[in-house]
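Numbering (my numbering), first residue to last: 588 to 1116.
Encoded structure:
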């Protein structure tokens, strides 16, 4: 397409769309962000952000802006009907460089993301414009938008990212169908401020008579969720006196101010296709997740990270457009696994009757007697590991349990030669990286001379262990500081890892295997190179 208005048009300025636009902006991709509303969102829908999403914010240079507005590393506690704790989740791992989950306020995140876009003169935002149609061919895509005065405008782009939410117009326009189920239960969701409860964990009151959940928020905010019974009038429950009655058993502060109240029905659904030629579905337009695991928004952040680096390489003519087909194949399975996890957590949070209530209390009492099982739940190790088995990767021959291929690389703290301690991603930057693990008499990574590394514009680093201090020979050497992550790196001693911009490991090889890896990955590269 001659002279497109943008390389990528992003529709929808929620968390997924804003993150996508920032990811593209950092990589120099000309982007137009379309939003039908007059500004960014004000509703605190999502309240939990996980370590992977925080890592994405770190990649685009915004995580430090959000951290002061979070409650980092909060856990979850489960109470029986007599308000006795019978189960607890309190993950302490920093495997990816951030707490497993943190409480946050969505409007603050969106404001930070929106301000982040102002760093990029090549990213343009159009509010008060509604997407109403498109045409696409082998050269690009042309969309039509309409502003509040009814004036229609056509914009030309190379790709389109549909981040227009659970009721996505674009999803329907490309003929994609949502598959899965919707929950019959209704939930009353209440957001409050002036909360003086010092409790920093979420609490699930697993009482079949009225299941309830409360989650902490920053700046004295708190989320409450109550199950609405089938025979109840949801509109009446929204009345102030009825909300006060629901909150009374749980709070002593009568100065709590309600800032939001709404009745929700939850969904567990995935679109049957995420791509139609140059159009891609991201976030809620591609999948809808029950809230019990706090993964709905986080899955959208993963979509943004996966999509953005790939489309950037196509725009820069590094990769062929075929790489875009791996977006759905890499993301779908993990998104669905998190939906299944949310359903299972919901089963524990929402007992159906007294037998269900007390059977799970007994179940967790037994688990607490078995150290390995207790640690499994306490550490939140049941969360599906982010990994994929096909896409832009080159298998290393190891078993699925031991390989790093297709998995997100752990993020340790490292020390540079000048003594500065940094997180690994901050040393790498938003790009491909070749990480040589350990010294094998050749700590200079300039030995990696295959043409593919030049095309990928990799940064080359050698990660040394503490006992190898004397072997550091150049500024490409960094030292591993995070002892808890030593095993993940030590098992690849003497190998080189190819790490993608989204921090997933694409390949691992010994020096003699470098040519084989280049040959297997070469099929993705643009014919223009």
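Even glycine gets a Cβ: it sits at the ideal position worked out from N, Cα and C.
Quick check on residue i: buried or exposed, where buried means 16 or more other Cβ atoms within 10 Å of its Cβ?
{"i": "residue 682", "result": "buried"}
{"i": "residue 1080", "result": "exposed"}
{"i": "residue 769", "result": "exposed"}
{"i": "residue 1029", "result": "Residue placement at residue 1029 cannot be trusted, given a pLDDT of 48 that sits under 50; what the coordinates show is reported in the next sentence. With fewer than 16 Cβ atoms within 10 Å of its Cβ, residue 1029 is classed as exposed."}
{"i": "residue 590", "result": "exposed"}
{"i": "residue 1010", "result": "buried"}
{"i": "residue 685", "result": "buried"}
{"i": "residue 939", "result": "exposed"}
{"i": "residue 723", "result": "buried"}
{"i": "residue 1067", "result": "buried"}
{"i": "residue 751", "result": "buried"}
{"i": "residue 665", "result": "buried"}
{"i": "residue 859", "result": "exposed"}
{"i": "residue 1043", "result": "buried"}
{"i": "residue 882", "result": "buried"}
{"i": "residue 934", "result": "exposed"}
{"i": "residue 949", "result": "exposed"}
{"i": "residue 761", "result": "buried"}
{"i": "residue 909", "result": "exposed"}
{"i": "residue 1070", "result": "exposed"}
{"i": "residue 1086", "result": "buried"}
{"i": "residue 1072", "result": "buried"}
{"i": "residue 991", "result": "buried"}
{"i": "residue 993", "result": "buried"}
{"i": "residue 1099", "result": "exposed"}
What does the alpha-carbon distance come out to for the pair residue i and residue j?
{"i": "residue 600", "j": "residue 789", "result": "28 Å"}
{"i": "residue 1031", "j": "residue 1078", "result": "At residue 1031 the pLDDT is 48, less than 50, meaning the model places this residue with poor confidence and gives no usable figure here."}
{"i": "residue 691", "j": "residue 653", "result": "8 Å"}
{"i": "residue 792", "j": "residue 941", "result": "13 Å"}
{"i": "residue 999", "j": "residue 1050", "result": "11 Å"}
{"i": "residue 943", "j": "residue 843", "result": "33 Å"}
{"i": "residue 1013", "j": "residue 693", "result": "25 Å"}
{"i": "residue 554", "j": "residue 956", "result": "The displayed coordinates of the chain run from 588 to 1116. Any statement about residue 554 would go beyond what the structure contains."}
{"i": "residue 658", "j": "residue 805", "result": "6 Å"}
{"i": "residue 757", "j": "residue 851", "result": "23 Å"}
{"i": "residue 981", "j": "residue 892", "result": "20 Å"}
{"i": "residue 767", "j": "residue 854", "result": "8 Å"}
{"i": "residue 810", "j": "residue 1021", "result": "43 Å"}
{"i": "residue 1102", "j": "residue 1109", "result": "10 Å"}
{"i": "residue 603", "j": "residue 1055", "result": "42 Å"}
{"i": "residue 817", "j": "residue 977", "result": "44 Å"}
{"i": "residue 753", "j": "residue 871", "result": "5 Å"}
{"i": "residue 618", "j": "residue 631", "result": "26 Å"}
{"i": "residue 594", "j": "residue 707", "result": "14 Å"}
{"i": "residue 969", "j": "residue 985", "result": "23 Å"}
{"i": "residue 613", "j": "residue 705", "result": "11 Å"}
{"i": "residue 743", "j": "residue 1023", "result": "42 Å"}
{"i": "residue 894", "j": "residue 829", "result": "45 Å"}
{"i": "residue 1063", "j": "residue 953", "result": "51 Å"}
{"i": "residue 1005", "j": "residue 930", "result": "49 Å"}
{"i": "residue 899", "j": "residue 915", "result": "16 Å"}
Among all the DSSP beta bridges, which residues are the ones paired with residue i?
{"i": "residue 776", "result": "812, 849"}
{"i": "residue 621", "result": "598, 713"}
{"i": "residue 899", "result": "DSSP, once it has assigned bridges, lists no residue as partnering residue 899."}
{"i": "residue 766", "result": "857"}
{"i": "residue 839", "result": "Paired residues: none, contrary to the question."}
{"i": "residue 1084", "result": "1022, 1095"}
{"i": "residue 1065", "result": "1003, 1050"}
{"i": "residue 632", "result": "DSSP, once it has assigned bridges, lists no residue as partnering residue 632."}
{"i": "residue 822", "result": "Beta-bridge pairing links residue 822 to no other residue."}
{"i": "residue 668", "result": "In DSSP, residue 668 forms no bridge with anything."}
{"i": "residue 663", "result": "676, 789"}
{"i": "residue 992", "result": "1092"}
{"i": "residue 863", "result": "866"}
{"i": "residue 593", "result": "744"}
{"i": "residue 658", "result": "690"}
At the 9 Å Cβ level, is residue i part of the contact set with chain C, yes or no?
{"i": "residue 940", "result": "No chain C appears in the structure shown, which is made up of a single protein chain."}
In terms of residue numbering, what span does the alpha helix (DSSP H) encompassing residue i cover?
{"i": "residue 638", "result": "638 to 646"}
{"i": "residue 558", "result": "Limits of the chain in this structure are 588 at one end and 1116 at the other, which puts residue 558 out of reach."}
{"i": "residue 1104", "result": "1101 to 1108"}
{"i": "residue 1076", "result": "1073 to 1077"}
{"i": "residue 1038", "result": "1038 to 1043"}
{"i": "residue 959", "result": "958 to 965"}
Counting along the chain, where does the beta strand (DSSP E) carrying residue i start and finish?
{"i": "residue 787", "result": "Run containing residue 787: none; DSSP gives neither H nor E here."}
{"i": "residue 800", "result": "799 to 804"}
{"i": "residue 1008", "result": "1008 to 1010"}
Give the list of continuous beta strand (DSSP E) stretches no shorter than 3 residues that lie fully inside the stretch 676 to 748.
Annotation: the stretch 676 to 748 contains the following complete segments of the beta strand (DSSP E) (minimum length 3 residues), in chain order: 688 to 690, 710 to 713, 716 to 724, 727 to 734.
Taking the runs of the beta strand (DSSP E) that are 3 residues or longer, which of them lie wholly in the stretch 866 to 901?
Qualifying beta strand (DSSP E) stretches, in chain order: 866 to 868.
Which full runs of the alpha helix (DSSP H) of 4+ residues lie inside the stretch 907 to 940, going along the chain?
Within the stretch 907 to 940, the runs of alpha helix (DSSP H) that reach at least 4 residues and sit entirely inside it are, in chain order, 913 to 936.
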